[in-house]
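What follows is one structure encoded as structure tokens, with my remarks underneath.
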Amino acid sequence: MLQKIIGFSLKNKFLILLFTLGIFGYGLFSVFQISIGAVPDITNNQVQVITTSRNLSTQDIEQYITYPVEIEMANLPGVIEIRSISKFGLSVVTIVFEDKVGTYLPRQLIAEKIKTATEKIPEGFGTPEMGPITTGLGEIYQYTLEVKPEFKSRYSVTDLRTIQDWVVKRQLSGIKGVVEINTWGGFLKQYEIAINPASLKAMNISTTDVFTALEKNNSIAGGSYIEKTNQSYFIRGEGKVNSVQDIENIVVKNDLGLPIYIKDIAKVQFGHANRFGAITGNGEGEKVLGQVMMLKGGNSKQVIDDVKLRVAEIEKTLPEGVYINGFLERSELVGKTTFTVAENLILGCLIVIFVVVLLLGNWRSGLVVASVIPLCLLFAISFMNIFGIDANLMSLGAIDFGIIIDGAVIIVEFIAFQIAHKSKHLIGLAKEDRHWKWIKSLIKVLLK
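Take the sequence shown: its position 308, counting from 1, is numbered 312 in our numbering, and each next residue is one higher.
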């Protein structure tokens, strides 16, 4: 087999040249297309099913939410392990699959089972949802919303949280490769109605009446359309509350023709939802933090660059005095890692070329051997790009130039020896016979 390969290569030099140029061209293309990261992502193939239920204790979470989800996921094909965590108000079930199953098939199978699991969870206890398609290395960019010193009195932590949820988060979510934007800290703004029990009793109103009035007076409806003078007018019923005053003026009951409003029996004000944690920084009190999560298998360098460009655009739309402070992003680590790997590869390549040329004593032979290094490197990068392997410290650092050129050194040294000494048994033979003699001698050397 080896004899046929060498013979074919000698007879079809042009095809071998085209094949080499093809490897070189696609390798250069892959260099600019391959995903670049700092370290390899060794996270196993897992999917998390997350359920939140703010008012349930740990025992109830385990019994009524975690257990039904685990039972439904137990018989999925390709499952290696199922583990769970039940905390106050939170259930997290992690399902680990075999790597050969892929990323998206397990999520499709789990989505089908979540429907069945939801039916077994009591109504109002929460709805299971799958976690984002990301890993522990997906936390590529973190930032806080800051306020300039002269505007500190204008914005509260609740205001910053509202800006994060409705301005910053929505614009960052459209970036290619970004799978989720998480928000930490601040207060989630909401309307609060503090009912006065004495007023309810005096006016003979129940809390059910209050809930019913609030529900019916906070809705919208469509009324089709009417035609008039060759024009269509679409009918829209707008009944959503937009302010504290709107809620205060909702009618709860009519007593002898006199309306009783919410403001007559309760105090309406802005408040915030219950929370389980907070973010502080630099001894300056509470902060609002955002975290950008990258899609599993994404190009971290490219995604970070896109995020930074979008952040610069978002800052132009923020209220006066508010800005985004990116305090943690991986581009510097990726850049330093890439530089270190590239520097080591180039220095290693030059050292090997110098040693080979020095030992062979023939610069032409040395350059022929050295040409194997970039070709093998481009060949490896091509297949890394095809199979979706990141170029990082581990994958590129594993390249050994000494091993790569071992075969080339043996072949070139043997050919140089034959050319230099002109063996007697080759003299007088036809060119084709001379090739076959060399091939047989070369194979004997390789097999020793």
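C-beta: ideal position from N, C-alpha, C; glycine also. A quick note: this is a predicted structure, and the numbers were derived from the prediction, not measured.
Residue i versus residue j: straight-line alpha-carbon distance, rounded
i, j, result
"Asn396", "Ile308", "16 Å"
"Thr321", "Tyr327", "10 Å"
"Thr211", "Ala277", "21 Å"
"Phe331", "Pro44", "23 Å"
"Lys340", "Ile350", "15 Å"
"Ile167", "Val248", "19 Å"
"Ser335", "Val315", "15 Å"
"Arg368", "Gln7", "25 Å"
"Ala412", "Leu382", "17 Å"
"Gly128", "Pro263", "33 Å"
"Ile27", "Val35", "12 Å"
"Ser236", "Val245", "28 Å"
"Ile431", "Ile408", "Here the model assigns Ile431 a pLDDT of 47, short of 50, so the residue's position is not dependable and the matter cannot be decided."
"Lys91", "Gly401", "42 Å"
"Gly365", "Val376", "18 Å"
6 Å CB neighbourhood of residue i in its chain, flanking five on each side removed
i, result
"Phe18", "none"
"Tyr159", "Val151"
"Thr24", "none"
"Asp250", "none"
"Lys267", "Glu252"
"Ile89", "Val96"
"Asn186", "Gln295"
"Gly325", "Val151, Lys152 and Phe155"
Residues of its chain near residue i, where Cβ-Cβ distance is below 7 Å and the 5 sequence neighbours each way are ignored
i, result
"Lys428", "Caution is warranted here: a pLDDT of 47 is assigned to Lys428, below 50, making its placement in the model unreliable, and the coordinate value is therefore given only provisionally. Excluding residues within five positions, none has a Cβ falling inside 7 Å."
"Val338", "Ile40, Gly41, Ala42, Ser304 and Lys305"
"Gln37", "Asn389"
"Lys291", "Thr148, Gly189, Ile283, Thr284 and Gly285"
"Glu85", "Val100"
Range covered by the alpha helix (DSSP H) that runs through residue i
i, result
"Ala539", "The structure shown does not extend to residue 539, since the chain is modelled only from 5 through 452, so no value can be given for it."
"Glu123", "Tyr108 to Lys124"
"Lys305", "Ser304 to Ile318"
Beta-carbon separation (whole angstroms), residue i vs residue j, contact threshold 8 Å
i, j, result
"Glu333", "Tyr145", "5 Å"
"Ile403", "Ala374", "About 15 Å; that fails the 8 Å criterion."
"Tyr30", "Ser386", "5 Å"
"Val51", "Gly135", "7 Å"
"Ile114", "Ile99", "7 Å"
Opening and closing residue of the beta strand (DSSP E) in which residue i lies
i, result
"Pro132", "Looking at the DSSP string, Pro132 is not in any beta strand (DSSP E), and its letter there is neither H nor E."
"Asn59", "Element bounds for Asn59: n/a, residue is neither H nor E."
"Glu219", "Unbroken run through Glu219 is the alpha helix (DSSP H), Thr211 to Lys220; no beta strand (DSSP E)."
"Ile87", "Inspection of the sequence shows that residue 87 is occupied by Arg rather than by Ile. Val83 to Lys91 is the extent of the beta strand (DSSP E) around Arg87."
"Ile385", "Counting along the chain, Ile385 falls outside any beta strand (DSSP E), though it belongs to the alpha helix (DSSP H) covering Val376 to Ile390."
Nonlocal neighbours in the same chain, by C-beta distance under 8 Å from residue i, ignoring five residues either side
i, result
"Gly93", "Thr56, Ser57, Arg58, Asn59, Leu60, Ile65 and Phe280"
"Ala270", "Ile197, Ala198, Ile199, Asn200, Ser203 and Val214"
"Thr233", "none"
Q) Whole beta strand (DSSP E) runs in the stretch 321-355 with 3 or more residues, listed along the chain? A) 326-333
Q. What beta strand (DSSP E) runs, 3 residues minimum, are completely inside the stretch 230-291?
A. 235-243, 255-259, 262-265 and 270-276
Q) Whole alpha helix (DSSP H) runs in the stretch 160-219 with 4 or more residues, listed along the chain? A) 161-167, 173-176 and 201-206
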